[in-house]
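Take a look at the structure set out below.
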Amino acid sequence: MRTANILRVLAEADGPLPFSEVYGALDVDDSAQFNYHLDKLVGHFVGKTDEGYTLRRPGRRVVEAILSGAVTEAPQLDRTSVDGKCSYCGSRIEVQWRESSIELFCTECDGAWDRSWGRAGGPQPVDDGYLGRLPMPPAGLEARSPTEAYCAAWIWTNLEVMAAASGICPRCSARLETSIHACESHDADGEVCADCESRFAVRAVFECDNCNYTTGGSAALALLTEDELLSFMTDQGLNPVAPESIHRVDRTHTDYEEEVLSTDPLEVGFTFTVDGGRLTLRVDEDLEVVEASR
Numbered sequence: 028m029r030t031a032n033i034l035r036v037l038a039e040a041d042g043p044l045p046f047s048e049v050y051g052a053l054d055v056d057d058s059a060q061f062n063y064h065l066d067k068l069v070g071h072f073v074g075k076t077d078e079g080y081t082l083r084r085p086g087r088r089v090v091e092a093i094l095s096g097a098v099t100e101a102p103q104l105d106r107t108s109v110d111g112k113c114s115y116c117g118s119r120i121e122v123q124w125r126e127s128s129i130e131l132f133c134t135e136c137d138g139a140w141d142r143s144w145g146r147a148g149g150p151q152p153v154d155d156g157y158l159g160r161l162p163m164p165p166a167g168l169e170a171r172s173p174t175e176a177y178c179a180a181w182i183w184t185n186l187e188v189m190a191a192a193s194g195i196c197p198r199c200s201a202r203l204e205t206s207i208h209a210c211e212s213h214d215a216d217g218e219v220c221a222d223c224e225s226r227f228a229v230r231a232v233f234e235c236d237n238c239n240y241t242t243g244g245s246a247a248l249a250l251l252t253e254d255e256l257l258s259f260m261t262d263q264g265l266n267p268v269a270p271e272s273i274h275r276v277d278r279t280h281t282d283y284e285e286e287v288l289s290t291d292p293l294e295v296g297f298t299f300t301v302d303g304g305r306l307t308l309r310v311d312e313d314l315e316v317v318e319a320s321r
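Laid out in structure tokens, this is it:
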């Protein structure tokens, strides 16, 4: 990764570096080859001035990705118990690291999904009790206990989902298209529906117009930045962004009532509950809130 090493040297510098200093900081013998790789970086990733070479913002993004471990590391976290509760039954949860995500499992109930839509190769069957996945770079596991890693991953993912719910791709900042889909024969009754393999009758999908980012989950995720929901949660003493109790906020986001009011056009009612307080949001097929009531 010779080009990556050049970028890292420039990232650590306090200012422009002349050719000799960049070359001297790396363990290379062929100056012609080194010059070839450096020239390839100049323009988009590296700037060149009379004082020397400097790292441009795209180059810094590459270094950030390398240091996060996203392109170089595969940490180990086998399935283990953490200090967290299932949002549906309150039982102990377990986590494991897989494919740049922390996956969550309930130890007692059926969980929320029978498949993972985030694994490589498309939807794949999962173990019983699967609650979903929390994307996080490998660096998030460094110097953290399993519980600390779970908490960090939850907040990281929550912020990503809030960006997606606002129509902004959390990877490249381009426009996201959001769509919702209803299971026509949903039969979950507090468990996982055999037809759609989900606890939720209505599912949201986020897709970027520019990069290959795509994610999905319960349709309520697309409502996380709605004023009515945010004010309802804060009125109930919850911090929706970096909560003191992840369990209480996560339960609000996931353990809600949903009612498909119409299928053509699609119209859905979501009722969120916190400590006896109730908020119902009625949304249309474009996820626009057409009515809010407490």
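Here my numbering is used: the first residue of the sequence shown is 28, the next is one more, and so on.
Glycine included, each C-beta is placed from N, C-alpha and C at the ideal position.
Predicted model only: the values in this text are computed from it and were never measured.
Would you decide whether Tyr63 is buried or exposed? Buried here means 16 or more other CB atoms lie within 10 Å of its CB. So Tyr63 counts as exposed.
Can you tell me the Cα-Cα spacing of Arg226 and Arg278, whole angstroms? 14 Å
Cβ-based neighbour list, Asp311, same chain, cut-off 6 Å, excluding 5 preceding and 5 following: Glu294, Val317
Taking C-alpha atoms, which residue in Arg142, Lys112, Glu126, Cys210 lies nearest to Thr134? Lys112
Beta-carbon proximity of Leu158 to Ala139, cut-off 7 Å: Yes, Cβ-Cβ distance for Leu158 and Ala139 is below 7 Å.
Unbroken beta strand (DSSP E) run spanning Arg2, endpoints: Within the shown structure, residues of the chain are numbered from 28 to 321, placing residue 2 beyond reach of any answer.
CB contact flag (Thr184, Asp110, <7 Å): no
Beta-carbon separation (whole angstroms), Ala228 vs His213, contact threshold 8 Å: 4 Å
Does the Cβ of Pro197 have 16 or more other Cβ atoms within 10 Å, making it buried, or fewer, making it exposed? buried
Report all residues from its chain with a CB closer than 6 Å to the CB of Arg309; omit the five preceding and five following residues, and keep chain order. Gly296, Val317, Glu318
Assuming Leu68 contacts Thr30 under a Cβ cut-off of 8 Å, what Cβ separation, rounded to an integer in Å, is found between them? That belief holds up - the Cβ atoms of Leu68 and Thr30 are roughly 6 Å apart, short of 8 Å.
Strand pairing of Asp311, partner residues [DSSP]: Glu294
Euclidean distance between Cα positions of Arg106 and Asp137: Computed Cα separation, rounded: 17 Å.
State the Cα-Cα distance for the pair Asp236 and Asp56, rounded to the nearest angstrom. 44 Å
Considering only residues of the same chain and omitting the five flanking positions on each side of Ser258, which have a CB-CB separation below 8 Å? Cβ neighbours of Ser258 beyond the five flanking positions: none.
Can you name the start and end residues of the alpha helix (DSSP H) that Cys235 belongs to? No alpha helix (DSSP H) contains Cys235, which is instead part of the beta strand (DSSP E) from 229-235.
As a quick exercise: from Phe132, Thr298, Gly194, Asp291, pick the residue whose alpha carbon is nearest that of Gly117. Phe132
How many Å lie between Met163 and Leu186 at the Cα? 11 Å
How about Arg321: is its C-beta nearer than 7 Å to some C-beta of chain B? Structure shown: chain B not included; a single protein chain is present.
With distances taken from CA atoms, which of Thr205, Thr76, Trp181 is nearest Arg230? Thr205
According to DSSP, which residues form a beta bridge with Ser320? Thr307
Chain-order list of residues whose beta-carbon lies under 8 Å from that of Val73 (same chain, five-residue window excluded): Non-local C-beta neighbours of Val73 in its own chain, meaning closer than 8 Å and more than five positions away in sequence, comprise Ile33, Leu34, Leu37, Leu65, Tyr80, Thr81, Leu82, Arg83, Gly86, ordered along the chain.
Which whole runs of the alpha helix (DSSP H) in the segment 73-149 are 4 residues long or more, in chain order? 84-95
Buried or exposed for Leu306, please, with buried defined as at least 16 other CB atoms from any protein chain shown within 10 angstroms of its CB. Leu306 should be labelled buried.
Just to confirm, are Ala180 and Leu161 a CB contact at a threshold of 7 Å? yes
Outcome for Gly290 when other beta-carbon atoms lying within 10 angstroms are tallied against a minimum of 16: Correcting the residue identity first, residue 290 is Thr in this sequence and not Gly. Per the 10 Å Cβ criterion, exposed.
For Arg275, tell me which candidate among Asp216, Gln263, Glu284, Glu285 has the shortest Cα-Cα distance. Gln263
Taking Glu126 as the reference, which of Asp154, Leu104, Ala249, Asn239 has the closest Cα? Its Cα nearest to that of Glu126, the residue Leu104 stands out among Asp154, Leu104, Ala249, Asn239.
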